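Novice: Input: one structure, supplied below.
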Amino acid sequence: MIKFGESFEWPRVEGTHVGYQIKAQGRHWARDEVVESLDKDGAWSTLLKAA
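Here the sequence shown is numbered in my numbering, starting from 2 and rising by one per residue.
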């Protein structure tokens, strides 16, 4: 929903728009092969539920 809203320039709730960072942040803690295998859609879902 956040990605959809962005396409219309809707305001977002701060703190929920971090899913795009999953790949970048993961590289600090794991090898690229591990980061590439992360469930990014699942992570987005978890972040949105927590918000």
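Using N, Cα and C, we set each Cβ at its ideal position, and we do this for glycine too.
Because the structure is a prediction, the values reported are computed rather than measured.
Between the alpha carbons of D112 and W45, how many angstroms are there, rounded?
Specialist: Limits of the chain in this structure are 2 at one end and 52 at the other, which puts residue 112 out of reach.
Novice: In three-state DSSP terms, what is G45?
Specialist: Looking at the sequence provided, one finds Trp at residue 45 rather than Gly. Reduced to three states, the DSSP call for W45 is helix.
Novice: Between K41 and I23, how many whole angstroms is the CB-CB distance? I'm expecting something under 8 Å.
Specialist: Confirmed, about 6 Å.
Novice: Between G61 and F9, what straight-line distance do the alpha-carbon atoms span, to the nearest angstrom?
Specialist: Because residue 61 is not part of the residues shown, which for the chain are 2 to 52, the question remains open.
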